[in-house]
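To keep things clear, I will list the structure first and then write my remarks on it.
Protein chains: 2
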Amino acid sequence: MQFDYSNKVKAMRPSIIRELLKQMADPGLISFAGGNPSADAFPAKEIREISDALLAGPPADVLQYSITEGYPPLIAQAKKYLNRQWQTVHEGDEVIITSGSSQVMDFMAKLLCNEGDVVATEDPAFLGALNAFRSQGATLVGVEMEPDGVSLAALEAVLSANPKPRFYYTIPNFQNPTGYTTSLAKRKAVYALCQKHGVPILEDNPYGELRFTGEDIPPIKAFDTDNLVVYAASMSKIFAPGMRVAFCAGSADLMGKMTVAKQGNDVHTNLWGQRVIDRFFEQYDIDAHIARLRGVYREKARRMMDAMDRELAGRATYVPVEGGMFLWLTLPAGCNVPGFVAKCLERRVALVPGSAFLVDEAAPCQSVRVNFSTPTGEQIDEGVAIMRQVLDSM
Amino acid sequence: MQFDYSNKVKAMRPSIIRELLKQMADPGLISFAGGNPSADAFPAKEIREISDALLAGPPADVLQYSITEGYPPLIAQAKKYLNRQWQTVHEGDEVIITSGSSQVMDFMAKLLCNEGDVVATEDPAFLGALNAFRSQGATLVGVEMEPDGVSLAALEAVLSANPKPRFYYTIPNFQNPTGYTTSLAKRKAVYALCQKHGVPILEDNPYGELRFTGEDIPPIKAFDTDNLVVYAASMSKIFAPGMRVAFCAGSADLMGKMTVAKQGNDVHTNLWGQRVIDRFFEQYDIDAHIARLRGVYREKARRMMDAMDRELAGRATYVPVEGGMFLWLTLPAGCNVPGFVAKCLERRVALVPGSAFLVDEAAPCQSVRVNFSTPTGEQIDEGVAIMRQVLDSM
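Chains as they are written, first to last, in my numbering: chain A, 1 to 394; chain B, 395 to 788.
So this is what it looks like as structure tokens:
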């Protein structure tokens with residue numbers, strides 16, 4: 001049968017990265033293309049011990065249906081966790097547990113957008129979020145990224161435009177794909193602008209805990225006296241993405257609506273992942289675990305930046321990063337980026353062209369996204385050397 | 395901040411059952427209101443053994459990101475499982491793994507419905523599905539249920555109407571809420587009618603394996619020469635709902651679109667649940683496990699029907715069931731059903747009024763849904779005796 005699809009399907013597109021990754025099972029490939037956390041970073045021993053203890057208890061505690069909002073003790077742990085450094089859960093806010101933070105992106109657009117409504121976003125931005133917004137029929141309007149965060153003039157123009165955006169999407173820490181971190185001053189300015197124009201903010205913070213140098217900066221949500229920020233805290237980089245668990249904090253009213261949207265989608269987040277994470281918070285020192293993670297990422301990032309300094313100085317540029325999983329490498333003007341990416345892939349080095357992360361994928365982009373969390377140290381050295389050879393051959 | 399919600403939010407409603415259940419943690423309550431599988435039915439020992447063996451292996455195998463379609467070995471197992479009794483996965487079909495079968499309902503409406511488009515459904519029907527369709531902006535049109543399946547005349551009228559439904563929703567085995575099973579003849583007729591009118595079928599089969607008496611009847615999907623049936627096989631009743639795993643089989647083209655919708659929602663179903671179920675299929679005899687489940691449900695259903703025959707004969711009627719988790723108890727004309735439900739709750743017996751499952755919740759309904767999988771045998775006897783006392787007092 002030939003199906004007659006809804007208008008939303010016409011706007012949907014598969015993530016070229018996730019499609020690419022399926023063809024990348026080849027162990028000979030050096031992949032700087034993915035966004036997987038380092039497998040060394042999983043607290044695997046602790047997860048195994050907790051899981052076995054849980055499954056030795058009453059089966060229904062892990063296996064039965066649970067409530068849509070999330071396992072209540074984990075919600076309590078999440079509130080404590082989210083407020084331990086700065087207050088991010090404010091009076092009038094509530095926390096729910098979602099199946100990864102992508103679900104927050106999808107539900108946010110479902111709850112706030114009718115077909116054709118505008119969503120404003122950092123540009124470039126996380127492709128999964130852009131695709132989730134597109135799949136809900138939203139029209140994306142990009143706001144140009146700078147190394148210290150979005151261009152405030154561009155943001156003000158977008159927020160003042162008619163029609164007004166339904167919300168503004170941002171990753172202030174170690175942004176995907178650029179690795180850029182929004183400065184404290186710009187965070188305050190972004191909040192003030194959105195408050196002035198009455199535009200909700202969707203603040204996505206998957207990488208914030210992965211700061212390996214420099215000072216932590218409070219999230220925009222910390223300034224949220226008006227409950228206009230929805231804050232998504234993925235647990236994928238702290239625990240394990242296979243679990244599909246994230247925390248979402250925002251206005252109690254909006255969180256109630258998101259709960260109903262979730263009820264009609266997956267009913268609740270898998271209980272095993274929720275209970276394992278809850279017990280980890282109970283039994284272990286989360287900050288000691290995060291300190292260990294930071295060590296893993298510090299070493300990988302250092303290795304990548306050293307290799308780039310060694311191999312690519314004078315050939316390409318990047319803004320050094322203080323955390324996260326990505327670097328944004330900019331090739332000289334005139335260098336054919338798709339050609340460079342294709343030639344690297346021929347030499348078994350995978351990269352994602354920067355244009356994949358743009359609101360307008362057809363716009364010119366001289367950068368590529370380079371992931372340093374997945375490859376080994378040797379792969380980093382070898383892969384960057386190949387990138388140099390390819391650049392020199394062009 | 396006051397959020398300005400999309401039109402879809404106005405159509406959303408929380409499941410009154412799931413809201414009810416949150417207030418039902420009281421262990422003194424006899425709940426015939428839920429839809430939880432019997433906790434005795436979980437293969438808890440096997441799950442624990444498998445889980446520990448998996449978590450003792452390479453951490454990334456269970457904890458890392460996976461692909462959206464589902465863990466490939468589980469997809470292969472699912473195809474074998476779905477085709478072991480009848481062929482349900484046909485040439486031109488594909489199978490994906492979803493986070494419970496509710497996700498299939500939500501994505502099906504997202505992929506096929508623009509705002510206001512019609513979805514045809516058995517009436518009454520599973521409330522979670524109706525709410526998922528509503529949340530995508532669909533307009534529901536009900537088709538009256540009879541004890542051997544939907545009224546064919548009513549279905550033909552709905553399928554011939556203008557606008558034509560975008561799809562037709564059915565639970566042919568031990569339907570929720572009625573417990574009714576669609577006869578073989580009606581299944582063939584439903585397929586022929588939908589084929590004739592070019593209307594896709596969403597066949598939801600969460601309870602099919604829970605047949606404790608009588609002969610298995612092939613699913614509508616078994617006749618699907620045209621790939622017009624999307625078939626959802628929940629694993630919640632066979633393994634454990636807390637895992638949030640279901641199989642979905644349908645036209646490869648539609649499954650591709652559903653994969654993109656899922657990519658933008660939860661990226662993939664939690665890997666632990668997928669890998670545990672995969673290994674269960676590999677190491678254990680699924681049919682022996684299902685035979686044990688059927689024994690558990692047979693005993694509970696027998697106890698409930700015996701109690702009703704003993705206590706309610708001459709006072710209320712039901713159609714005996716051959717499987718599943720629910721009975722549809724019809725009270726005498728003139729009996730005030732909401733009053734009966736309220737009085738039972740005062741006496742600590744919880745039931746769901748039948749009107750909750752109607753497309754038009756304001757329409758009159760003389761029935762209540764009675765779940766027999768959750769309560770113990772003693773609770774069944776005691777609860778039904780209380781129902782008799784309440785009926786006699788009215």
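Cβ coordinates follow ideal geometry from the N, Cα and C atoms, glycine included. Source: prediction; values computed, not measured.
Residue-chain proximity (residue i, chain A), Cβ-Cβ < 8 Å
i: VAL483/B; result: no
i: PHE426/B; result: no
i: TYR475/B; result: no
i: TRP480/B; result: no
i: ASN765/B; result: no
i: LEU521/B; result: no
i: PRO732/B; result: no
i: VAL456/B; result: yes
i: SER529/B; result: yes
i: ASP500/B; result: yes
i: GLY771/B; result: no
i: GLY608/B; result: no
i: LYS504/B; result: yes
Residue-chain proximity (residue i, chain B), Cβ-Cβ < 8 Å
i: ALA53/A; result: no
i: ALA132/A; result: yes
i: TYR191/A; result: no
i: SER251/A; result: yes
i: MET325/A; result: no
i: LYS186/A; result: no
i: LYS300/A; result: no
i: GLY70/A; result: no
i: GLY116/A; result: no
Residue from the options whose Cα sits closest to the Cα of residue i
i: VAL746/B; options: ALA757/B, VAL498/B and ARG763/B; result: ARG763/B
i: GLY650/B; options: ASN7/A, PRO14/A and ASP4/A; result: PRO14/A
i: ALA433/B; options: ASN36/A, ALA56/A and ASP61/A; result: ASP61/A
i: THR213/A; options: ARG302/A, MET243/A and VAL260/A; result: ARG302/A
i: TYR318/A; options: LYS10/A, LYS79/A and PRO177/A; result: PRO177/A
i: LEU293/A; options: GLY323/A, ALA157/A and GLY100/A; result: GLY323/A
i: ALA616/B; options: ALA586/B, MET629/B, ARG605/B and TYR459/B; result: ALA586/B
i: ASP598/B; options: ALA583/B, GLN589/B and THR576/B; result: THR576/B
i: ILE410/B; options: ALA472/B, ALA750/B and THR770/B; result: ALA750/B
i: GLU509/B; options: ARG244/A, ASN7/A and THR376/A; result: ASN7/A
i: VAL349/A; options: ALA138/A, VAL150/A and VAL390/A; result: VAL390/A
i: LEU423/B; options: ALA655/B, GLU740/B and LEU506/B; result: GLU740/B
i: ILE277/A; options: ASP26/A, GLN2/A and ILE47/A; result: ILE47/A
i: SER160/A; options: THR170/A, HIS90/A, VAL143/A and ASN336/A; result: VAL143/A
i: ALA246/A; options: VAL639/B, VAL731/B, VAL661/B and ALA655/B; result: VAL661/B
i: LEU228/A; options: ASP392/A, SER102/A, ALA249/A and VAL260/A; result: ALA249/A
i: MET629/B; options: ALA579/B, LEU648/B and ILE680/B; result: ILE680/B
Chain-ordered neighbours of residue i on chain A, where CB pairs are closer than 7 Å
i: SER460/B; result: GLY242
i: PRO453/B; result: ALA39, PHE42 and ALA44
Beta-carbon neighbours of residue i, restricted to chain B and to distances below 7 Å
i: CYS113/A; result: SER400
i: VAL352/A; result: Chain B residues near VAL352/A: none, gap ~15 Å exceeds 7 Å.
i: GLY431/A; result: The displayed coordinates of chain A run from 1 to 394. Any statement about residue 431/A would go beyond what the structure contains.
Chain A residues whose Cβ lies nearer than 9 Å to that of residue i
i: SER554/B; result: Near SER554/B there are no residues of chain A at all, since even the closest Cβ is about 17 Å away, more than 9 Å.
Partner residues on chain A for residue i, Cβ-Cβ distance less than 8 Å
i: MET395/B; result: GLY198, PRO200, ASP226, ASN227, LEU228 and SER251
i: PRO408/B; result: THR259, VAL260 and GLN263
Anticipated Cβ contact below 8 Å, residue i with residue j, distance rounded
i: VAL118/A; j: ALA109/A; result: VAL118/A to ALA109/A, Cβ: 11 Å. No contact.
i: GLY383/A; j: PHE32/A; result: 6 Å
i: GLY264/A; j: GLY522/B; result: 7 Å
i: VAL715/B; j: PHE520/B; result: That pair is no contact at about 16 Å.
i: ILE97/A; j: LEU74/A; result: 6 Å
i: PHE561/B; j: ILE614/B; result: Contact flag wrong, Cβ pair sits at about 13 Å.
i: GLY100/A; j: ASN371/A; result: Between ASN371/A and GLY100/A the Cβ distance is about 18 Å, and since that is not below 8 Å, they are no contact.
i: LEU152/A; j: THR121/A; result: Not a contact, Cβ separation roughly 15 Å.
Proximal chain B residues relative to residue i, where beta-carbon distance stays under 9 Å
i: ALA56/A; result: ARG442
i: LYS401/A; result: Residue 401/A lies beyond the stretch modelled for chain A, which goes from 1 to 394, so this question has no answer here.
Amino acids of chain B, ordered along the chain, whose beta-carbon sits closer than 8 Å to that of residue i
i: GLY295/A; result: By Cβ distance, chain B contributes nothing, its closest Cβ being about 17 Å from GLY295/A, past 8 Å.
i: GLY273/A; result: ASN664 and TRP666
**OP:** May I ask you to list, following chain order, the residues of the stretch 614-639 of chain B that have a beta carbon less than 7 Å from some beta carbon of chain A?
**Re:** If the cut-off is 7 Å between Cβ atoms, the stretch 614-639 of chain B has ASP620, ASN621, LEU622, ALA634, PRO635, GLY636, MET637 and ARG638 near chain A.
Subject >> Contacting positions in the stretch 34-47 of chain A - beta carbon closer than 7 Å to chain B >> reply: ASN36, ALA39, PHE42, ALA44 and ILE47
**OP:** Anything in the stretch 91-102 of chain A with a Cβ closer than 7 Å to a Cβ of chain B? List those residues in chain order, please.
**Re:** Listed in sequence order: SER99, GLY100 and SER102.
Original post:
Taking any Cβ of chain C, which residues in the stretch 644-665 of chain B have a Cβ under 9 Å from it, in chain order?
Top reply: Annotation note: the requested chain C is absent from the structure, which comprises protein chains A and B.
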